[in-house]
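See below for the structure under consideration.
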Amino acid sequence: LAFIDRARGQLNARGLAYGPVKVGAMIEVPAAALMVDVFLRYFDFLSIGTNDLIQYTLAIDRSDEQVANLYDPLHPAVLMLLAHTLSMAEKADIPVSVCGEMAGDPDLTRLLLGMGLRIFSMHPSQILKVKNRVLKSDVNEIAPNVRKMLRLDEPGKLREALDKLNGVTAS
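So the sequence shown is numbered by the numbering used here: it starts at 418 and just counts up by one.
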């Protein structure tokens, strides 16, 4: 932020016109998610990088085949950090996007919508699938179910609740 202020000062000193520049922050580590209330004072928008946030929250190297199976976007700690970040940003009226594999996973779309997410950033190949899920979702109906889900502390029960949220029935 100091560099941006310095650049603005230099432009002002030279009498050069410039437009407003919005500055955002990436939330990719647990410390950033936990300190989001401070970030919100200084930034115009946030983006949650889910791949790194999951990896650093769970201390799992997703590229290490020996432990990659422990990498879990539905881990309660991950969901808690996401929910906290989205909730605090909503209260501050600061937009948040989510990028990474979670944003492009149509099975997680309703969960993220119910948590308050409205801006998804994903690989173009996933857009149609996620868009279809968004169009078939009623946020007012989903949100109370997601709040209940976020109180669960077992990944297995979270998966069952997610299946129910997505209308998947056991066969």
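The beta carbon of each residue, even a glycine, is placed where N, CA and C say it ideally should be.
Predicted, not measured: the structure shown is a model, and the values here were computed from it.
key: Validate contact between the stretch 431 to 442 and the stretch 472 to 488 using beta carbons, cut 8 Å, 3 pairs   = Touching, no.
query = Per DSSP, what kind of secondary structure is I537 in: helix, strand or coil?
reply = The residue given as residue 537 occupies position 120 in the sequence shown. A small fix is needed here, since residue 537 is Phe in this sequence, not Ile. Looking at F537 - three-state DSSP - the assignment turns out to be strand.
ask   = For S554, which residues of its own chain have a beta-carbon under 6 Å away from its beta-carbon, when the five flanking residues on both sides are left out?
value = Residue 554 sits at position 137 when you count from the first residue of the sequence shown. Short of 6 Å from the beta carbon of S554, and not among the five residues preceding or following it, lie these beta carbons of its own chain, in chain order: R527 and L530.
task = Ignore the nearest five residues each way along the sequence and tell me which others in Y488's own chain have a CB closer than 8 Å to its CB.
result = Locating residue 488 in the sequence shown gives position 71, where the first residue counts as 1. Counting only Cβ-Cβ distances below 8 Å, and skipping sequence neighbours, we find I471, Q472, L475, I477 and R479.
task = Taking A448 as the reference, give the member of L428, K548 and M497 with the closest Cα.
result = Sequence index remark: in the sequence shown, residue 448 carries index 31 (1-based). Minimum Cα distance to A448 is reached at M497.
query = Just reading off the beta strand (DSSP E) that L463 is part of, what are its end residues?
reply = Within the sequence shown, the letter at position 46 stands for residue 463. Counting along the chain, the beta strand (DSSP E) containing L463 begins and ends at F462 to G466.
key: 8 Å Cβ cutoff met for D461 and G441   = In the sequence shown, residue 461 corresponds to position 44, counting from 1. In the sequence shown, residue 441 corresponds to position 24, counting from 1. In this structure, G441 lies closer than 8 Å to D461 by Cβ.
query = Would you call the stretch 510 to 522 and the stretch 531 to 544 in contact, with 3 or more CB pairs under 8 Å?
reply = With a cut-off of 8 Å on Cβ pairs, the stretch 510 to 522 is in contact with the stretch 531 to 544, counting three or more such pairs.
CB contact flag (M505, D469, <8 Å) = Position 88 of the sequence shown, counting from 1, holds the residue named residue 505. Position 52 of the sequence shown, counting from 1, holds the residue named residue 469. Their beta carbons are not under 8 Å apart, which means M505 does not touch D469 by this criterion.
task = Kindly indicate which residue of R550, G426 and V446 has the alpha-carbon position closest to the one of L499.
result = Locating residue 499 in the sequence shown gives position 82, where the first residue counts as 1. Restricting attention to R550, G426 and V446, the CA atom closest to the CA of L499 is found in V446.
request  = Please say whether N562 and L582 have beta carbons closer to each other than 8 Å?
outcome  = Here residue 582 is taken as the residue at index 165 of the sequence shown, counted from 1. Here residue 562 is taken as the residue at index 145 of the sequence shown, counted from 1. Cβ distance < 8 Å, so L582 and N562 count as in contact.
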